[in-house]
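A quick write-up on the structure given underneath.
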Amino acid sequence: MKISFSKSLNSDIDILLCPVFKNEKTFKNYDQNLKKLYLDLVNKKLLSGEKGESEIIINDGKNLPKKICFIGFGEKEKLESYDPREIIAGKMKTLMNKHNKKIGLVIASEMEKFFKELVEGLLLVNFTPVKFKTGKEDQKAKEGLFEELVVVNSNEGKFKNIANEALLTTQTVNVVRDLVNGPPNHVNVEAFAEHAKKISKENGYKLTILEKRDMEKMKMGAILAVNRGSGPKGSAKMIIMDYTPKGISKDNYNKPILLVGKGLIFDSGGYNLKPYKGIEDMQQDKAGGSIVLGVFGLLKKLNIKRRVVGIVPVTENLIDAEAYKPSEVITSYCGKTIEIRNTDAEGRLILADALSYGIEKYKPEYTVDVATLTGACIIALGDRYAGIMGNDRKLIDNLIKAGDDTDELLWEMPMHREFREIIKGKVADVRNADNGTSFMAGTSKAAAFLENFIDKSKWAHIDIAGVTYVDRPKPYDHPMATGYGVRMLIKFLEKI
Ligand code: BES
Ligand code: ZN
Ligand code: ZN
């Protein structure tokens, strides 16, 4: 995929996209021929620029591209920041076929402030989840992907960096979508670690991978308990990536941001086996870890100025004779004992060890974890808002703001003192679920559990169970993995 710039309209563009506003007739920097075409349509009352309207004009291809598509964006004053991404992507989705390989995008002066959103929308829609399909029909989806985006605007200097950032970010989101969708026999524990190696090598990060034997020595009893049902060959890993930007002060170096992501390759539920409705998409349970890997793919390329440490605990949650059982008591890395009430509440266990290890070793200024943690979050918030909880107002507000800016939305869930009581164990320090009523405020109770493992760190927990994998996608998303979270976290890291 390539983005190029052009001052004038090029006739080798396969289809030219022209966003237009309702009642806006100036188009200061439009090509005269194009302007004439558009005003002709308006005068003949064939187009008014209303949101959802569009018209394709076929040309002789001499002065203008052969196909020109005017897309209505409605009234300029009423446009919300999430609109441009969705409107352009919604239209582009209908235009994707093997004849449209080189896409032109006219950026009139009126549209300049939405440049990044427009490019993001187009590049996010240029994805297909049919990676493993071999049939002829399915090839069509792959053939329909476009290869080049030509931005028609005379101000290349102003937009070049934004275009580059949008390209890098959206390509990463697409990689994350593939990771999250990735079947567990393809994207397994080893493949996940290989991906982390590739990212670290490409960017020169320090990478440490704790293997099962290392974790045994270090007494990471929580992740090891979850891993036990995977058999002797079923590996577990703790992936640790350290990004230190050049030239940061010692003071900043000592105050990294810690990102922890749940990397559960497949969640069967364990002895609390998931029912037939609910188990079949549990390859998505590695989404938190995939997002963290995605963010690390971008930190250096986007020149993020903070030191960031990423930790991804990786394992499956399976069943065999050695598998952990409800009623067991295990000892976590930080020494706290945990009563297993439900083997399907495994995410919080692997996060517990990752969080306490990361906080002890790196003493971060802020800690943020991302995880597909509770079905309760899907019930409470649905598929557009992720849940956020934590112990630091500024951190939570900054993350919510980053979510608003990128339309990867966050909604704060309560941390009531009674949830802390509910999560206390009968025979151990804490328990991983409160049998019987775990469907009630389950998202908050999971956070109350995690709170036991963050020491005094300023911390936020993001539950992405509802937004990660959807069957009602936004116009620029696709059914299954959305890649939610990469753009939001990058925005947060750019600002903090
Ligand atoms: N991975 C699941 C949560 C999940 C469900 C993610 C659906 C995405 C879609 C998690 O490990 C889990 O099973 N949580 C339990 C916790 C309960 C036993 C306390 C749940 O939500 O039912
Ligand atoms: Zn589970
Ligand atoms: Zn899980």
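Just remember that our numbering sits 323 ahead of the position in the sequence shown, which is counted from 1. Beta carbons are placed, not taken as given, at the ideal position from N, Cα and C, and that holds for glycine. Computed from a predicted model, the values in this text were never measured in an experiment.
{"query": "Ignore the nearest five residues each way along the sequence and tell me which others in MET543's own chain have a CB closer than 6 Å to its CB.", "result": "TYR656 and ASP676"}
{"query": "Ligand 3 and ASP590: does the residue's C-beta get closer than 6 Å to at least one heavy atom of that ligand?", "result": "yes"}
{"query": "Rounded C-beta distance between LEU733 and TYR689? I'm assuming under 8 Å.", "result": "Incorrect: roughly 15 Å between the Cβ atoms, too far for contact."}
{"query": "Taking Cβ to Cβ, would you say LEU364 is nearer than 7 Å to ILE411?", "result": "no"}
{"query": "Considering just the uninterrupted stretch of the beta strand (DSSP E) at SER327, what are its terminal residues?", "result": "325-329"}
{"query": "Between ILE522 and GLY620, is the Cβ-Cβ spacing less than 7 Å?", "result": "yes"}
{"query": "Could you tell me which whole beta strand (DSSP E) segments of length 3 or greater appear in the segment 426-482?", "result": "471-475"}
{"query": "Given that a residue counts as buried once 16 or more other Cβ atoms are within 10 Å of its Cβ, and exposed if not, what is ALA837?", "result": "With the chain covering only 324 through 819, there is no way to say anything about residue 837."}
{"query": "Quick check: the Cα distance between SER650 and LYS659, rounded to an integer number of angstroms?", "result": "16 Å"}
{"query": "Check the DSSP bridge columns for HIS801 and list the partner residues they point to.", "result": "Partner(s): none; HIS801 has no beta bridge."}
{"query": "What are the start and end residues of the alpha helix (DSSP H) that includes CYS341?", "result": "No alpha helix (DSSP H) contains CYS341, which is instead part of the beta strand (DSSP E) from 338-343."}
{"query": "Are the beta-carbon atoms of ALA559 and THR638 separated by less than 7 Å?", "result": "yes"}
{"query": "Kindly identify the DSSP beta-bridge partner or partners of PHE396.", "result": "Answer is none; PHE396 lacks a bridge partner."}
{"query": "Name the two residues that bound the continuous beta strand (DSSP E) containing ASN640.", "result": "631-640"}
{"query": "By a C-beta neighbour count over all protein chains shown, 10 Å radius and 16 as the cutoff for buried, is GLY397 buried or exposed?", "result": "buried"}
{"query": "Can you say whether PRO687 is buried or exposed, counting buried as having 16 or more other CB atoms within 10 angstroms of its CB?", "result": "buried"}
{"query": "Mind reading off the beta-carbon distance from ASP794 to THR697? Whole number of angstroms is fine, and I expect it under 8 Å.", "result": "The pair is not a contact, with the Cβ atoms about 19 Å apart (cut-off 8 Å)."}
{"query": "With 16 as the cutoff for other CB atoms within 10 Å, does THR417 come out buried or exposed?", "result": "exposed"}
{"query": "Ends of the alpha helix (DSSP H) at ASP706?", "result": "Where ASP706 is concerned, there is no enclosing alpha helix (DSSP H), given that its DSSP letter is neither H nor E."}
{"query": "As an exercise, report each continuous beta strand (DSSP E) stretch of at least 3 residues that is fully enclosed by the segment 729-797, in chain order.", "result": "732-735 and 781-786"}
{"query": "Measure the alpha-carbon distance for GLY458 versus MET803 and round it to whole angstroms.", "result": "20 Å"}
{"query": "So what's LYS717 in DSSP terms, helix, strand or just coil?", "result": "helix"}
{"query": "Going by the CB atoms, is the gap between LEU596 and HIS518 shorter than 7 Å?", "result": "no"}
{"query": "Examine ligand 1 and report whether any of its heavy atoms sits within less than 6 Å of the Cβ of ALA756.", "result": "yes"}
{"query": "Counting C-beta neighbours from all protein chains within 10 Å, is the total for ILE379 16 or more, i.e. buried, or is it exposed?", "result": "exposed"}
{"query": "Would ILE746 pass as a contact of PHE772 if the rule is Cβ separation under 7 Å?", "result": "yes"}
{"query": "Alpha carbon to alpha carbon, what distance is there between GLN607 and LYS348?", "result": "47 Å"}
{"query": "Could you give the first and the last residue of the continuous beta strand (DSSP E) run that contains LYS367?", "result": "Looking at the DSSP string, LYS367 is not in any beta strand (DSSP E), and its letter there is neither H nor E."}
{"query": "Output the residue ranges of the beta strand (DSSP E) runs that lie fully inside the segment 532-565 and measure 3 residues or longer, sorted by chain position.", "result": "none"}
{"query": "Rounded to whole angstroms, what's the CA-CA distance from ALA610 to SER329? Just pull it up for me.", "result": "38 Å"}
{"query": "Under the criterion of a Cβ to heavy atom distance below 6 Å, does ASN504 qualify as lining ligand 1?", "result": "no"}
{"query": "Which word fits SER334, buried or exposed, when buried means at least 16 other C-beta atoms lie within 10 angstroms of its C-beta?", "result": "exposed"}
{"query": "Please state whether DSSP places THR567 in a helix, a strand or coil.", "result": "coil"}
{"query": "Here's the rule: buried if 16 or more other CB atoms are within 10 angstroms of the residue's CB, otherwise exposed. What is PHE393?", "result": "buried"}
{"query": "Taking the CB atoms as reference points, tell me whether LEU812 and TYR685 lie closer together than 7 Å.", "result": "no"}
{"query": "Between the segment 487-506 and the segment 541-555, do three or more beta carbon pairs fall short of 8 Å?", "result": "no"}
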